[in-house]
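Student:
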Amino acid sequence: MSDSAAKLPSTKPYLIRAIYDWCTDNALTPYLAVRVDARTQVPMAYVKDGEIVLNLSMEAVRNLQLGNDEITCGGRFGGVPQEIVVPVAAVIGIFAKENGQGLVFQAEESEAPPPDDGPEDGGAPPPGKPRLRVVK
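Heads up, my numbering is the position in the sequence shown plus 26, with the first residue counted as 1.
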């Protein structure tokens with residue numbers, strides 16, 4: 027392997043953007059599955075088993091930036107505006123809500139997720155949130 031090939035950036039952020047574009051081009055809802063770690067900024071009341079699934083549709087978020095190192099946007103959870111910051115390394119999948127098509131990524135080494143102390147606002151997250159699972 028040449029030195030230039032070893033220094034190439036990860037393909038992961040490019041694949042995330044490609045599936046996001048595919049979803050929006052086909053009127054599908056892009057969902058992002060995230061393994062929450064110390065660098066992930068999401069409403070902890072909606073984290074279950076160290077993971078959260080985020081709706082990235084244009085109707086659900088504002089100022090979405092799908093960067094090479096992190097994904098940022100603003101969203102509303104239980105009517106409360108929140109700023110979301112997701113390191114690309116924490117992304118475990120992106121898929122269309124309607125048909126489940128998308129990509130699942132291998133887990134990357136990351137910091138341990140913060141403890142789940144329950145809802146910070148006293149309310150429970152909505153029941154029946156979709157979960158991404160690897161089926162073999």
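We put the beta carbon where it would ideally sit given N, CA and C, even for glycine.
Just so it is clear, the structure is predicted and the values come from calculations on it, not from any experiment.
Give the list of continuous beta strand (DSSP E) stretches no shorter than 3 residues that lie fully inside the segment 74-125.
Tutor: Segments of the beta strand (DSSP E) lying fully in the segment 74-125: 77-81, 87-92, 96-103, 106-113, 117-122.
Student: Suppose contacts are defined by Cβ-Cβ distances below 7 Å. Is residue 83 in contact with residue 55 by that definition?
Tutor: Yes, these two residues count as a Cβ contact at 7 Å.
Student: Among the candidates 99, 115, 64, whose CA atom is the shortest distance from the CA of residue 109?
Tutor: The shortest C-alpha separation from residue 109 is found at 99.
Student: Please confirm whether residue 111 and residue 134 have their CB atoms less than 7 Å apart.
Tutor: Not closer than 7 Å, so no.
Student: Under a three-way DSSP split, which group does residue 59 fall into?
Tutor: Three-state DSSP puts residue 59 in a strand.
Student: Is the segment 84-91 close to the segment 59-76, with three or more CB pairs under 8 Å?
Tutor: Taking 8 Å as the limit for Cβ pairs, the verdict is that the segment 59-76 does not touch the segment 84-91.
Student: So, using beta-carbon positions, are residue 44 and residue 119 closer together than 7 Å?
Tutor: Cβ atoms of residue 44 and residue 119: not closer than 7 Å.
Student: Nearest-angstrom Cα distance between residue 68 and residue 78?
Tutor: Those two C-alpha atoms are separated by around 8 Å.
Student: Are the beta-carbon atoms belonging to residue 38 and residue 130 less than 7 Å from one another?
Tutor: Cβ distance not < 7 Å, so residue 38 and residue 130 don't count as in contact.
Student: Taking 7 Å as the limit between beta carbons, can you name the residues of its chain near residue 88, skipping five residues before and five after?
Tutor: Excluding sequence neighbours, residue 88 sits near 99, 100.
Student: Between which residues of its own chain and residue 32 is the CB-CB distance below 8 Å, once the five residues before and five after are set aside?
Tutor: Same-chain partners within the cutoff: there are none.
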